[in-house]
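Trainee:
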Amino acid sequence: MGNQPPVCFYFFLRAYSGKIIDGKGPKPAVLFSMLGFSLTGIFLILAYYFRFSPFLSLAFLIITRLLTGCAEGLIGASPINWAMMAVGEEHTAKIISYNGVASYGALAIGASLGITIEKDYSLYGIGILSIIMGIAGFLYARTKENKTNPNTQEAQSFWKVLGKVAPFGVCLALGGLGFASISTFITLYYNYFHWNNGALCLSVFGGLFVLGRLVFSNVIKNYGGIRVAMICLLVETTGLLIIAFGNNPEIALVGAGVTGLGFSLIFPALGVVAIKSVPASNQGSALAGYGLFIDLSPGVAGPLIGGVADVYGMTYIFPFSAGMVFIGLGLAYLLKRKSDS
1462 MGNQPPVCFY
1472 FFLRAYSGKI
1482 IDGKGPKPAV
1492 LFSMLGFSLT
1502 GIFLILAYYF
1512 RFSPFLSLAF
1522 LIITRLLTGC
1532 AEGLIGASPI
1542 NWAMMAVGEE
1552 HTAKIISYNG
1562 VASYGALAIG
1572 ASLGITIEKD
1582 YSLYGIGILS
1592 IIMGIAGFLY
1602 ARTKENKTNP
1612 NTQEAQSFWK
1622 VLGKVAPFGV
1632 CLALGGLGFA
1642 SISTFITLYY
1652 NYFHWNNGAL
1662 CLSVFGGLFV
1672 LGRLVFSNVI
1682 KNYGGIRVAM
1692 ICLLVETTGL
1702 LIIAFGNNPE
1712 IALVGAGVTG
1722 LGFSLIFPAL
1732 GVVAIKSVPA
1742 SNQGSALAGY
1752 GLFIDLSPGV
1762 AGPLIGGVAD
1772 VYGMTYIFPF
1782 SAGMVFIGLG
1792 LAYLLKRKSD
1802 S
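Following my numbering, the numbering of the sequence shown begins with 1462 at its first residue and continues without gaps.
(1) Using the C-alpha atoms, what's the distance from Leu1635 back to Met1785?
(2) Buried or exposed: which applies to Ala1532, given that a residue is buried once 16 or more other Cβ atoms fall within 10 Å of its Cβ?
(3) In terms of residue numbering, what span does the alpha helix (DSSP H) encompassing Asn1683 cover?
(4) Taking a contact to mean a Cβ-Cβ separation below 8 Å, would you say Pro1729 touches Ile1681 in this structure?
(5) Identify the continuous alpha helix (DSSP H) that holds Trp1656 and give its terminal residues.
(6) Assess contact between the segment 1780-1796 and the segment 1692-1704, defined as three or more Cβ pairs (one per stretch) separated by less than 8 Å. Is contact present?
(7) Are three or more beta carbon pairs between the segment 1639-1650 and the segment 1755-1765 nearer than 8 Å?
(8) Going by the beta-carbon positions, is the gap between Gly1750 and Gly1561 smaller than 8 Å?
(9) In whole angstroms, what is the alpha-carbon distance linking Gly1463 and Leu1522?
(10) What first and last residue would you give for the alpha helix (DSSP H) that runs through Val1772?
(11) Using three-state DSSP, classify Gly1716 as helix, strand or coil.
(12) Assess, as a yes-or-no matter, whether the segment 1596-1613 is touched by the segment 1729-1739 under the definition of 3 or more beta carbon pairs within less than 8 Å.
(13) Pick out whichever of Ala1717, Ile1687, Leu1661 and Val1769 has its Cα sitting closest to the Cα of Ser1738.
(14) Where does Thr1525 land, buried or exposed, given buried means 16+ other C-beta within 10 angstroms?
(15) Could you give the DSSP three-state label for Ala1705: helix, strand or coil?
(16) With DSSP run on the structure shown, which of helix, strand or coil describes Gln1465?
(17) Within the continuous alpha helix (DSSP H) that includes Asn1610, where are the two ends?
(18) Buried or exposed for Asp1581, going by 16 or more other Cβ atoms inside 10 Å?
(19) Given this structure, state the Cα-to-Cα distance separating Leu1702 from Gly1685, to the nearest angstrom.
(20) Is Leu1602 helix, strand or coil when you go by DSSP?
(21) Just reading off the alpha helix (DSSP H) that Pro1487 is part of, what are its end residues?
(22) Between which two residues does the alpha helix (DSSP H) carrying Tyr1794 extend?
(23) Name the two residues that bound the continuous alpha helix (DSSP H) containing Ala1544.
(24) Apart from the five residues on each side of it in sequence, which residues of its chain come closer than 7 Å, Cβ to Cβ, to Ala1547?
(25) Cβ atoms of Leu1496 and Gly1571: under 8 Å apart, would you say?
(26) On the criterion of 16 or more Cβ atoms from any shown chain inside 10 Å, does Lys1488 qualify as buried, or is it exposed?
(27) Take the Cβ of Val1622 as the centre, count every other Cβ of all protein chains shown within 10 Å, and call the residue buried at 16 or more, exposed below.
(28) In three-state DSSP terms, what is Leu1568?
(29) Measuring CB to CB, does Ser1725 end up less than 8 Å from Phe1670?
(30) Using the three-state DSSP reduction, which class does Leu1726 fall into: helix, strand or coil?
(31) Would you report the Cα separation of Ser1782 and Gly1639, rounded to the nearest angstrom?
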């Protein structure tokens, strides 16, 4: 429940950020988001200082979560659009790939760093770091030239754009269930079988994910987004089945790596096609809407896959996830047939 308010704010701010990008360029959205992250640090410090007053401390923590949702919603698609306007749309796949490496890398570093800081300096230390990082990001973004969409065609509403990118987004969300099943349940899965080093699966998954994005980002331009997405979804399905039917932790590690490699290019591959499905004047809204599906996918995956585990048992988690990703492959095939007709 604690995640629901920021998710709601994130959803609506994603739509608003797309409108800002299409009208005024991505720089204002980035600047506002950086200020938002700095404000979260201030309210974290207040939550720490009022820790002996549970009501006030909780209130400040709730405000922190709301501000985080707003800031994340504003910055979601802004850097990608900014880079596209700076270096050209022909590099879209590579831009999305590198943006993902930076985002997931920041999550990996931030999680470990946050635990360390909280252990030594409590919420106060995390608040200080949040303020510093937000201000640093704001000052750095201010030094960069804003880019605006030169297309003068009248922009469509966000909801109309969302409808156009939704088929690609649903396919992306189904692919995201494989990632969510590993990130959320792999350690529980290892514990169920009394295996050790479940966290190593996450590292292997992340390593192959980054490797795939860095090494194979050019294949999207050479072979087309939907075709690459289909291959990636097939590889991801294979990886999940390896985990599902492997009988030891070493095989599960191989499956996690194959899954990470398969998942690596799904977002940029489908994203390139999704952007092309809308007028150039709506590219900001298109990326904002498309990105919603992968961001909301883990929120859906938790209760959905958890429900499967509760009803049928832990051994059904990865066969179910593989089935969902395979449905995504089927949808990608239908999208390809439609584009070819």
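In this text, a Cβ means the ideal position worked out from N, Cα and C, and glycines have one as well.
Mentor: The short version:
(1) Position 324 of the sequence shown holds residue 1785. Position 174 of the sequence shown holds residue 1635. Between Met1785 and Leu1635, the C-alpha separation is close to 6 Å.
(2) Along the sequence shown, read from residue 1 onward, the residue named residue 1532 stands at position 71. Classification of Ala1532: buried, given that the 10 Å Cβ count is 16 or more.
(3) Locating residue 1683 in the sequence shown gives position 222, counting from the first residue. Asn1679 to Tyr1684 is the extent of the alpha helix (DSSP H) around Asn1683.
(4) Counted from its first residue, the sequence shown places residue 1729 at position 268. Counted from its first residue, the sequence shown places residue 1681 at position 220. In this structure, Ile1681 lies closer than 8 Å to Pro1729 by Cβ.
(5) Position 195 of the sequence shown, counting from 1, holds the residue named residue 1656. That residue, Trp1656, is in no alpha helix (DSSP H); it is neither H nor E in DSSP.
(6) yes
(7) yes
(8) Translated into positions along the sequence shown, residue 1750 becomes position 289. Translated into positions along the sequence shown, residue 1561 becomes position 100. Result no, Cβ atoms of Gly1750 and Gly1561 do not sit closer than 8 Å.
(9) Sequence index remark: in the sequence shown, residue 1463 carries index 2 (1-based). Sequence index remark: in the sequence shown, residue 1522 carries index 61 (1-based). Confidence at Gly1463 is low in this model, with a pLDDT of 47, below 50, so its placement is unreliable and the value that follows should be read with caution. Distance between the alpha carbons of Gly1463 and Leu1522: 10 Å.
(10) Along the sequence shown, one-based indexing puts residue 1772 at 311. Unbroken alpha helix (DSSP H) run through Val1772: Gln1744 to Tyr1773.
(11) Position 255 of the sequence shown, counted from the first residue, corresponds to residue 1716. If DSSP states are grouped into helix, strand and coil, Gly1716 belongs with the helices.
(12) no
(13) Position 277 of the sequence shown, counting from 1, holds the residue named residue 1738. Closest by alpha carbon: Ile1687.
(14) For the purposes of this step, residue 1525 is taken as the residue at position 64 of the sequence shown. The residue is buried, with at least 16 neighbouring Cβ atoms inside 10 Å.
(15) To locate residue 1705, count along the sequence shown from 1; it is residue 244. Looking at Ala1705 - three-state DSSP - the assignment turns out to be helix.
(16) As a working note, residue 1465 is residue 4 in the sequence shown. In this prediction, Gln1465 scores a pLDDT of 47, lower than 50, which makes its location untrustworthy; no coordinate-derived value is stated.
(17) As a working mapping, residue 1610 is identified with position 149 in the sequence shown. Run containing Asn1610: none; DSSP gives neither H nor E here.
(18) As a position in the sequence shown, residue 1581 is number 120, starting the count at 1. Asp1581 is exposed by the Cβ-count criterion.
(19) For this step, residue 1702 is matched to residue 241 along the sequence shown. For this step, residue 1685 is matched to residue 224 along the sequence shown. Roughly 26 Å separates the two Cα atoms.
(20) Indexing the sequence shown from 1 puts residue 1602 at position 141. Looking at the sequence itself, residue 1602 is Ala, so the reference to Leu does not match. DSSP places Ala1602 in helix when its eight states are reduced to three.
(21) Translated into the one-based positions of the sequence shown, residue 1487 becomes position 26. Residues Pro1487 to Tyr1510.
(22) Position 333 of the sequence shown, counting from 1, holds the residue named residue 1794. Taken as a continuous stretch (DSSP letters only), the alpha helix (DSSP H) holding Tyr1794 covers Ile1778 to Asp1801.
(23) The residue you call residue 1544 lines up with position 83 of the sequence shown. Counting along the chain, the alpha helix (DSSP H) containing Ala1544 begins and ends at Ser1539 to Val1548.
(24) For the purposes of this step, residue 1547 is taken as the residue at position 86 of the sequence shown. The answer, listed in chain order, is Lys1608.
(25) Start at 1 with the first residue of the sequence shown, and residue 1571 comes out as number 110. Start at 1 with the first residue of the sequence shown, and residue 1496 comes out as number 35. Cβ atoms of Gly1571 and Leu1496: not closer than 8 Å.
(26) As a working note, residue 1488 is residue 27 in the sequence shown. The residue in question, Lys1488, is buried, as its Cβ has 16 or more Cβ neighbours within 10 Å.
(27) Here the question's residue 1622 lines up with position 161 in the sequence shown. With 16 or more Cβ atoms within 10 Å of its Cβ, Val1622 is classed as buried.
(28) Here the question's residue 1568 lines up with position 107 in the sequence shown. In this structure, Leu1568 counts as helix in the three-state DSSP scheme.
(29) As a position in the sequence shown, residue 1725 is number 264, starting the count at 1. As a position in the sequence shown, residue 1670 is number 209, starting the count at 1. Yes, these two residues count as a Cβ contact at 8 Å.
(30) What you label residue 1726 is simply residue 265 of the sequence shown in a count that begins at 1. It is coil, neither helix nor strand.
(31) Translated into the one-based positions of the sequence shown, residue 1782 becomes position 321. Translated into the one-based positions of the sequence shown, residue 1639 becomes position 178. Cα-Cα distance, rounded: 6 Å.
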